[in-house]
Every structure is written in C-alpha cells, then in structure tokens.
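In our numbering, the protein residues as written are 4 to 396.
No residue lacks a Cβ here, since even glycine has one placed at the ideal position from N, Cα and C.
Nothing here was measured: the structure is a model prediction, and the numbers come from that model.
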C-alpha cells in the first residue's frame, strides 16, 4: 500500500475505521485512504465488502457516486482510496434549518438517481443519511450536484435483536430492523427519511434510546406530512416512509420519475443556498472524512436496551403481519429488464413481475448479520434476485 500511496497525516478515527491523507504516487491524485479495523468486520463481512467495492469500481465515472478508486488488504485490514471531492455535507446544511420544499425535492431527485445507478449495478447503499450526501459546488445556475458516499459500509447497531442490524438508527428501514429481506426499497425508505428531514428540519422520529427509536420505525404511525408540500409530493413522501416495503416505489428509477413530477407540482426548481456558496468555502472531502470517522454511531450498552419491548413491537408490526397470498392464476414468465426508450442515457427498469414482490439479495439472504448466516425458508417468490459479484481472490 505504501508503495502505491504517500500516506500523510491521520484525519480521524472511529469505531470501525481510520482515515489518512494520501496521494497516489503514480497519478498524483490527492485523496483519502480509509483503513477498516479488522475487529469491526468478520471474515465473511470483509469478503462481502470486497465484492461490493469491486462492483462499485465499475461506477467510477459516475458524477453522483463517490466510489473507491482502489482498494486492497494489508494484514487482516481492508483499505480503500478515494479521490478528493469538495462539497458541503447535507447534515451541515440542515444545521441551519429546513430547506425550501422545491429545493429539497431537487436534492432528493439527485440522490434517487445515485441510488438508481447503484441498484442497476446490483448494489445497495444500506446506510443513506444526510452525512453521506455532499452538496457540490456548481457554476452559475447549473443544476444541483451531489455525491453519495460510503455505500455498503453500514455500521453495526448495538441492539438486543436476534439479528445483527447494520445502518444508522434514524434512517434504518423496518425490514432491516426486523431481519427481513433487504432490497432496493430499503434504500428508498432512507431516502424518505432524508427528504422529510430536509423539509421539516428534524428527523422522522426521535427517541431517548436506540431501542425506542427502532420500535418507532417498525410500528409507530408515520408523522403528518409537511403542509408545505403539494398533495402529490405528500403522497410520495408517505409512500417512501411506509412500513411495508411493498407500499414504496418499486425502484429508484420510479422514485426519480415520481419526484420529478412532484417537483413540477411544486412549481419551482431553485437550487439550495448551500449549493450557491463559493467553492472556497466548501468543506474538503478529507475534512469531511475526518468528521465522518468520528461520526455519531450509536454506542449503547446492551444493558440499556429493552429486548422485550422491541420483540413486542416487531410482533405487532404491519410488516411482520403480511398475510401470504395464494395466487389465483399462474405467474407470468419473467421478462428481461428493458431500457427506457425516451432516455438518451438508458436506465434499467424492472419488468412487471418484479413489481409483485420486494427485491431480494442473493445468494444468502437476508442481510441481517455478519456473514449472512441466516437462511430464509423457500417461498413461491419467483422474482429475479440481485446477483452478488464473485469473491475476489
């Protein structure tokens, strides 16, 4: 690693990683080098991370995703190198208060497009939140530019659940908490949480403890949708925050189209004030990495958590009580994904068959534990699954 990169000062450290300044000796590219603590990831989890990083590398040309430029292993620790990107983290912008509705929807459109690129590559983010969205400087009246970071590096949440839950408590989907299959719509739930926070200026739910917060996401009635939104946007936000993933948009691409329609209904496409700031005032990605390495990952002792309360809430959850439906007619044969014909850069949309069930992550679902040890009983779901890249030697 040191033969490839000139490693500089340590920018920060946290429970799962350390971050250093780094410069690629071959290209002179300046960036940051993140070193994952071996104790934070099991061997199986490290293999998953390497597979996902390999897939993310194919998205290096993306304008909306900040993915590893290179990665490897030193000893038993994984490392990744990312190029420097200037931008203001969305949580910093929200520290000044809520964002005007049309501006918030504009940002959400760009986030959904980034998720669409991830999902089309067969990847999930698993930890979307304001800290992982950078608002990037744009010249003049150019559209908003964003960069979504840290896909696939969801931290472990200390919880007494029989499943190991990964993510951030304020943005984790009910199915992630319940140990259910995690698919595209889990990221869309987090998108709804981020959009709600942009408009209201506060998270969807707040609680004094992690277990109470998880219970609220699993079973509490959703808060009233902001009155500043037009009816179409309120309906969309409500669907993004649905407990049952089948009530959410069927894909990130559909979320993009719905958000664009909501933006049109809002009657404005102004850019957030933060995006109009001079480039010189933007937080560099290294500084942002320092702050993120010391992020507010929940550190709660197991003695503080109420296992019985969580289990009771999960048992009463709408998500866990979905009845099995007996098909009255044979399912149609699976169709291959079709490109959108009216898009100059065709994106993949999913055939009607996938609209009948939540996308599953294969080959060993669910994503609920280090190493994916739990096996889901077979069902009659014949929808296509997301293929995971082969293990890297």
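- Distances from the alpha-carbon of residue 251 to those of 138, 63, 193 and 78 put 193 closest.
- Comparing C-alpha distances from residue 30 to each of 99, 73 and 22 shows the shortest one belongs to 73.
- Note on geometry: alpha-carbon atoms of residue 262 and residue 110 lie some 10 Å from one another.
- In this structure, residue 189 sits near residue 178, with a CB-CB distance shorter than 8 Å.
- The stretch 100 to 110 makes no contact with the stretch 122 to 130; the number of CB pairs closer than 8 Å stays below 3.
- No Cβ-Cβ contact shorter than 8 Å links residue 169 with residue 139.
- Taking C-beta atoms as the reference points, residue 259 and residue 112 count as a pair closer than 8 Å.
- Using a 10 angstroms sphere on the CB of residue 78, the tally of other CB atoms stays under 16, which defines it as exposed.
- Secondary structure at residue 62: coil, using DSSP grouped into helix, strand and coil.
- A Cβ-Cβ contact shorter than 8 Å links residue 255 with residue 118.
- Just measuring C-alpha positions, the residue of 16, 236, 55 and 11 sitting nearest residue 126 is 55.
- Of the candidates 244, 85, 198 and 90, the residue whose Cα lies closest to the Cα of residue 59 is 85.
- Counting of Cβ neighbours within 10 angstroms places residue 15 among the buried residues, the total reaching 16 or more.
- Burial check for residue 98: the Cβ neighbour count within 10 Å stays below 16, so the residue is exposed.
- For residue 33, the CB contacts under 7 Å within the same chain, skipping 5 residues up- and downstream, are 26 and 87 in chain order.
- In the structure shown, residue 109 adopts helical secondary structure according to DSSP, grouped into three states.
- Rounded to the nearest angstrom, the gap between the Cα atoms of residue 223 and residue 202 is 20 Å.
- Judged by DSSP in its simplified three-state form, residue 259 adopts helix.
- Cβ-Cβ distances below 8 Å link residue 132 to 94, 171, 173, 174, 193, 196 and 197 in the same chain, with the five nearest sequence neighbours on each side left out; the list follows chain order.
- Of the candidates 19, 7, 63 and 47, the residue whose Cα lies closest to the Cα of residue 39 is 19.
- Counting every other CB atom within 10 Å of its CB across the protein chains shown gives residue 211 a total below 16, marking it as exposed.
- DSSP places residue 187 in the helix class (H, G or I) of the three-state scheme.
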